[in-house]
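Visitor:
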Amino acid sequence: MTTTSARGGPRRPARPPRRVYVIRRLVVLGVPLALLGLLVVWLAGRGGDAPTDARPSSTTSARPTPSPTPTAPAAADELTAVEEAALAAGVSVCAGDLVRVTIKATAETFADKNPSFSIKVANTGEEACLLDAGDGNRRLVIRSGGDTVFSTTHCRPAEPEGKPLLLGPGMASKETYTWRRVRSAQGCEQGLAAPGAGTYTATLEVAGVEASPTTFTLG
């Protein structure tokens, strides 16, 4: 039902709080339902969009007791997207030494199809954490000897889209990446010669964590 304000105009519906957008985003990205349920319960219990001041509300007193001035939180524009998402979810950003990244070619030889790779990002810690695995925080490179044939950073947009992953303790995110068998160069140069038959190596780095390379052959 539409309500009116004191001035007679229609009152705009209240915007959903930040936690609603965070939950929707994590659902789209495939967060495990059990962990998402815990996240919803946590946010409902907090009942706010951001952490509140830990100091008690002021009350009338003849002699109020002064309390220490808390350290001011960092401004929102000083936080990265993944830090803001982690803050809203009530978890920390995944520490690099607790993240394990792996990449493996799905076949030894690719004769008549595009090479594909199984990618896994795992949280080896004992607490849930959030990690950005988007193109701005990930680099996949394919080489043939000393020749860099392809890199995801060569033709990356100025503001690549993030991909926050909420990982529970011991949990991993899995995906398959397909290389379209094209050569790339810095500056997104087009019309380069297609890679020929031979042996290639693919390496992957996510959030500063490197995976062991995987080797494959193009037929």
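Position 78 (the sequence shown) corresponds to 78 in the UniProt record's numbering; numbering is contiguous. For each residue, glycine too, the CB sits at the ideal point set by N, CA and C.
Terminal residues of the continuous alpha helix (DSSP H) containing V82?
Guide: Reading the sequence shown from its first residue, position 82 is the one you call residue 82. V82 -> alpha helix (DSSP H) spans A81 to A89.
Visitor: Considering only their Cβ atoms, is the gap separating L166 from L192 smaller than 8 Å?
Guide: For the purposes of this step, residue 192 is taken as residue 192 along the sequence shown, with counting starting at 1. For the purposes of this step, residue 166 is taken as residue 166 along the sequence shown, with counting starting at 1. Their beta carbons are not under 8 Å apart, which means L192 does not touch L166 by this criterion.
Visitor: I need the straight-line Cα distance from A95 to A133, nearest angstrom please.
Guide: For the purposes of this step, residue 95 is taken as the residue at position 95 of the sequence shown. For the purposes of this step, residue 133 is taken as the residue at position 133 of the sequence shown. Looking at the two C-alpha atoms, the distance is approximately 13 Å.
Visitor: Does K163 pass the burial test, meaning 16 or more other C-beta atoms within 10 Å, or should it be called exposed?
Guide: Counted from its first residue, the sequence shown places residue 163 at position 163. So K163 ends up on the buried side.
Visitor: Between the Cα of V101 and those of R139, A89 and E108, spot the shortest distance and give me the residue it belongs to.
Guide: If you number the sequence shown from 1, residue 101 lands on position 101. When only C-alpha atoms are compared, the closest one is R139.
Visitor: Since P164 is in the beta strand (DSSP E), which residue starts that stretch and which ends it?
Guide: Taking the sequence shown and counting its residues from 1, one reaches residue 164 at position 164. It spans P164 to L167 - the beta strand (DSSP E) in which P164 sits, taken as one unbroken run.
Visitor: State the start and end residues of the unbroken beta strand (DSSP E) segment that holds R138.
Guide: Counting from 1 along the sequence shown, the entry for residue 138 is found at position 138. Taken as a continuous stretch (DSSP letters only), the beta strand (DSSP E) holding R138 covers R138 to S144.
Visitor: May I ask you to list the residues that DSSP assigns as paired with E175?
Guide: Along the sequence shown, one-based indexing puts residue 175 at 175. I119.
Visitor: Please determine, among G198, V182, V209 and T215, the residue with the shortest C-alpha to C-alpha distance to T152.
Guide: The sequence position of residue 152 within the sequence shown is 152, counting from 1. Per the Cα distances, V182.
Visitor: Tell whether a beta-carbon distance below 8 Å holds between I119 and E175.
Guide: Translated into the one-based positions of the sequence shown, residue 119 becomes position 119. Translated into the one-based positions of the sequence shown, residue 175 becomes position 175. Yes, they are a contact pair.
Visitor: Taking DSSP as the reference, what is the three-state secondary structure of T52?
Guide: As a working note, residue 52 is residue 52 in the sequence shown. Low confidence applies here, because T52 scores a pLDDT of 40, under 50, leaving its location unreliable; read the following figure in that light. Residue state, collapsed to three classes: coil.
Visitor: What residue does the beta strand (DSSP E) around T217 start on, and which one ends it?
Guide: Looking up residue 217 in the sequence shown gives position 217. It spans T214 to L218 - the beta strand (DSSP E) in which T217 sits, taken as one unbroken run.
Visitor: Would T203 and V121 qualify as a contact pair, given that the criterion is a beta-carbon distance under 8 Å?
Guide: The count along the sequence shown starts at 1 and reaches residue 203 at position 203. The count along the sequence shown starts at 1 and reaches residue 121 at position 121. For T203 and V121, no; Cβs fall outside 8 Å.
Visitor: Any idea what DSSP makes of L98, helix, strand or coil?
Guide: Counting from one through the sequence shown, the residue named residue 98 turns up at place 98. L98 falls in the helix class under three-state DSSP.
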